[in-house]
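Working notes, structure below.
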Amino acid sequence: MLVVVPLAASVQAAPAARAQSPQVLRVALVQEIDHLNPFTASFASSAMIGRFAWEFLTLPSAEDATPTGGVAESWESSEDKLTWTFTIREGMTWSDGEPVTAHDAAFTFNKIMSDPKAAEANGSYVVNFKKVSAPDDRTLVIETEEPQASMTALDVPIVPEHVWSKIEDMHDPVTDSIEVVGVGSGPFLIAEYRPNELVRMTANKDYWRGAPAYDELHFIKFENADAAVNALRNGEVDFVNRLTRAQFDSLKNEPNIETNQASGRRYRELLMNPGARNADGDAIGDGHPALQDVQVRRAIAMAIDPEVLVDKVLGGYGELPGGLVPPIYEDYHYVPDEDVRYSFDPDAANALLDEAGYRRGPDGVRVDSEGRRLEFRLTGRASEDYAQRASDYIVSWLRDIGIEVTKNLVSDNEVDETTSSGHYDLAFSGWGTNPDPDYILSKQTCAALPAASGSSSSNAFFCDETYDKLYAQQIAEMDPKKRAKLVLQAQARYYEMVPSLVLGYDNVLEAYRSDRFTGFVQQPEGEGQIMEQTGYWGFYGARPVEGAAESDSGLPTGVWLALGAGALALLAVGGTVVVRRRATADDRE
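Quick note on the numbering used here: the sequence shown kicks off at 154 and runs consecutively.
Structure, rendered in structure tokens:
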């Protein structure tokens with residue numbers, strides 16, 4: 154059973170006297186770090202580290218993910234909802250002793266608004282911003298073009314102007330250096346970065362909420378979860394997440410190990426290339442023309458059985474699909490009515506394709522009006538258990554409705570390169586969502602189409618006038634109940650047009666050494682996940698178990714073996730090793 158201590162009780166000042174060796178919480182990381190630079194970091198693991206290092210204006214609370222204060226201690230909007238005034242917390246300092254002011258926040262947002270490279274990670278939050286200013290040290294004013302309901306959910310790390318204003322190129326490798334990223338305001342500070350090996354963070358003794366109860370937080374990279382699980386069993390790491398069902402089940406009865414199963418904030422989907430286009434409307438990629446027909450996409454949706462995928466592939470550790478927002482955010486979670494739900498019905502799928510004019514050839518494979526076979530590539534990650542297992546089911550199901558599917562399980566790099574450039578037919582993908590739905594909904598708008606092939610923030614290539622209108626209405630609606638209805642309507646339109654099919658929502662499967670640490674805080678409180686929160690509560694609230702042995706601050710033995718087999722190419726630039734890889738479905742924030 155998971156032990157959860159209330160946040161107020163679990164976050165304590167570090168003891169005045171400590172043993173010579175630091176108390177270290179060691180977390181196994183099986184995802185990649187793309188950048189520590191918060192302006193360009195898009196991987197979930199990178200964004201998580203950013204949440205520890207730099208406080209946000211506001212952030213989702215641990216209790217129920219409603220907005221709570223960060224850099225801003227209070228906020229209010231004008232009567233017309235076009236101007237937001239944030240009062241900056243008094244007495245906050247950066248780790249180098251400089252005060253945190255409204256000018257830092259204004260610089261952060263203005264940098265994102267004015268520099269395309271600085272907008273790579275968080276540009277969607279400021280698209281509607283008209284002007285950001287700091288009349289004085291404690292007052293931040295944000296003016297918007299239209300009302301924006303997500304103003305208390307800006308998932309943007311506030312950085313120190315006196316450090317980042319010296320950066321001329323946000324793609325310069327120096328932006329991942331400790332000299333730059335080491336100056337923070339959060340509960341932990343980045344102290345060391347060894348790409349593809351280790352991110353070492355130290356407790357911020359001057360953190361305004363109070364210092365963490367231990368000295369250091371280490372994120373140690375493993376090439377796969379099996380190596381990480383072995384390290385947990387051996388006591389070489391203290392926390393592991395993204396466990397497979399078999400790994401999770403094997404750890405349930407292990408001595409000194411506690412497990413946590415929770416609803417997640419990520420969804421899995423099957424992309425169906427609807428005719429990839431760039432922002433100018435020009436066709437890109439090489440998707441099969443038949444997938445531009447919504448009837449074909451709907452038939453595919455009716456030929457897939459999500460219950461089998463959840464039960465057999467996820468081992469029951471998941472939830473049945475609906476819209477883009479997972480059930481953990483119940484106010485915004487779309488559940489289709491029975492009359493519009495894509496229920497598993499091969500007969501109905503066959504009838505729909507017959508009606509649409511796709512006749513079966515001599516070999517049973519359907520052809521379009523020009524005689525092209527409905528033969529699709531299914532792209533997925535060769536390294537992923539889900540893609541390996543789910544692809545077999547999908548190949549069989551679609552064969553039953555006259556569609557030939559060829560599995561294309563390739564490297565992580567190739568998956569993202571092909572999907573982001575439109576060079577796919579069907580593909581496994583997925584995204585992480587936030588408590589406020591604007592982020593994930595914005596990725597399905599026409600505005601998210603790429604300026605050039607390969608630069609899209611969403612690989613579904615969806616562009617629909619009706620959806621865009623609903624999206625614009627929901628972000629401008631300040632009444633929470635009215636907004637929720639519009640959010641559901643937007644998801645219903647996406648579901649109807651099915652550029653991708655949500656396959657399910659994975660449960661979060663985590664485990665930790667209960668003989669070393671306790672007090673991990675869940676979000677939402679008492680039932681949620683610990684590690685990949687939309688905040689920092691999980692590890693910030695952890696406390697060393699009294700009498701636990703001091704940890705070895707070096708890398709576990711197993712990680713060095715895993716590093717030797719790494720498939721990730723490292724680019725040496727100016728003596729600095731920099732990871733360059735696009736975000737996969739498991740990486741994306």
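Ideal Cβ positions, reconstructed from N, Cα and C, are used throughout, including at glycine.
E528 is the residue among Y624, Q541, E528 and D617 whose C-alpha sits nearest the C-alpha of H441. Annotated three-state conformation of S573 is helix, per DSSP. For a cut-off of 8 Å, the C-beta gap from Y485 to V312 is around 29 Å, too long to register as a contact. The alpha-carbon of K358 is positioned some 19 Å away from that of R179. The beta carbon of G555 sits closer than 8 Å to the beta carbons of N503, L506, Y511, R513, G517, V518, R519 and L527 from its chain, once the five residues preceding and following it are set aside; these are given in chain order. The bridge partners DSSP lists for I410 are R666. Only buried fits M245, as 16 or more other CB atoms lie within 10 angstroms of its CB.
If you draw a straight line from the Cα of Q682 to the Cα of G417, it comes to about 7 Å. C-alpha of R542 to C-alpha of L579: approximately 15 Å in a straight line. Rounded to whole angstroms, the gap between the alpha carbons of D257 and R666 is 39 Å. The straight-line gap separating the alpha-carbon atoms of Q176 and G672 is approximately 15 Å. Within the same chain, Cβ atoms closer than 7 Å to the Cβ of W237 are found at W228, S230, I295 and M304, the five residues on either side in sequence being excluded.
M631 counts as exposed, since fewer than 16 other C-beta atoms from the protein chains shown sit within 10 angstroms of its C-beta.
Per the Cβ contact rule, the stretch 464 to 473 is in contact with the stretch 650 to 666 (3 or more Cβ pairs under 8 Å).
The three-state secondary structure of D379, taken from DSSP, is helix.
L462 is not bridged by DSSP to any residue. A residue is called buried once 16 or more other Cβ atoms fall within 10 Å of its Cβ, and A604, having fewer, is exposed.
Across the structure, N377 and V183 are spaced so that their CA atoms are roughly 6 Å apart. In the three-state scheme derived from DSSP, where H, G and I count as helix and E and B as strand, T246 is classed as strand. Restricting attention to alpha helix (DSSP H) runs no shorter than 4 residues, the stretch 393 to 455 encloses them at 398 to 404 and 447 to 455, ordered along the chain. Excluding residues up to 5 positions away in sequence, Q676 lie with their Cβ nearer than 6 Å to the Cβ of Q686 in the same chain.
Take the alpha-carbon of N190 and the one of D329: they are about 5 Å apart.
Scanning P252, A701 and K374 for the CA closest to the CA of N349 turns up K374.
The beta carbon of R204 is closer than 6 Å to those of Y689 in its chain, skipping five residues each way along the sequence. Per the coordinates, the alpha-carbon of D433 lies some 16 Å from the alpha-carbon of S611. In the three-state DSSP reduction, Q676 falls in the strand class (E or B). Taking C-beta separations shorter than 8 Å and ignoring five residues to either side along the sequence, the partners of P480 in its chain run S416, E472, H486 and Y658, following chain order.
Here Q682 carries a strand assignment [DSSP, helix/strand/coil].
Here DSSP, grouped into helix, strand and coil, assigns P340 to coil. Within a 10 Å sphere around the beta-carbon of R525 sit fewer than 16 other beta-carbons, which makes this residue exposed. The beta carbon of D249 sits closer than 6 Å to those of V336, all from its chain and outside the five residues before and after it, given in chain order.
Put simply, the backbone Cα of L370 is about 6 Å away from that of T355. Less than 8 Å divides the Cβ of L293 from the Cβ of I241. DSSP places D257 within a helical segment (H, G or I) once states are collapsed to three.
Annotation for N357: no beta strand (DSSP E) segment contains it, and DSSP assigns it neither H nor E. Within 10 angstroms of the beta-carbon of P427 lie 16 or more other beta-carbons, which makes it buried.
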